[in-house]
Amino acid sequence: MDLLKRENFSSGAPFEEKVGYSRAVRVGNMVYIGGTTSTNSEGVVEGAGDAYLQTKIILQKIEDALARAGAKVSEVIRVRFYVTDISKGQEYLRAYSEWYKGVKPVITMAEVKALARPEHLVEIEAEAVVGSYLIKSK
52 MDLLKRENFS SGAPFEEKVG YSRAVRVGNM VYIGGTTSTN SEGVVEGAGD
102 AYLQTKIILQ KIEDALARAG AKVSEVIRVR FYVTDISKGQ EYLRAYSEWY
152 KGVKPVITMA EVKALARPEH LVEIEAEAVV GSYLIKSK
């Protein structure tokens, strides 16, 4: 049996070490980005009250995590949104389209009762396959 190398990638947020989780994990050519919010390294929720801005901040954090794990936005195959107000869907998706319109990964958006902090409007997960490329959309 061949074993696959696993690498954990931290964003440096103190909570990751305290709780015991990674921002991203790479196993073989798969990269998994855990639930990401707009909370900065000082614990401040950026873009409070603004669904579009929170989504942009999160997607930039995800792009940074992908890069640390050796992946690119163009290699993302799945994105999951957890949102506290589905009626703001167009705001989340406007920011999403700025990153992924040409990539077209599968996407899920689910409304949840609450996220980790009341100021969080959205939390996003992503998965990527390193070395993949789009040959044709059907």
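Here the sequence shown is numbered in this note's numbering, starting from 52 and rising by one per residue. Cβ coordinates follow ideal geometry from the N, Cα and C atoms, glycine included.
Asked, Found
"Between the C-alpha atoms of Glu-97 and Tyr-103, what's the straight-line distance to the nearest angstrom?", "11 Å"
"Since Tyr-151 is in the alpha helix (DSSP H), which residue starts that stretch and which ends it?", "140-151"
"Just to confirm the assignment, what range does the beta strand (DSSP E) spanning Val-76 have?", "75-78"
"My output table needs one value for Ala-118: the three-state DSSP class, helix, strand or coil.", "helix"
"Using the Cα positions of Asn-80 and Gly-121, report the straight-line distance between them to the nearest angstrom.", "9 Å"
"At the level of alpha carbons, what is the spacing between Val-95 and Gly-182?", "35 Å"
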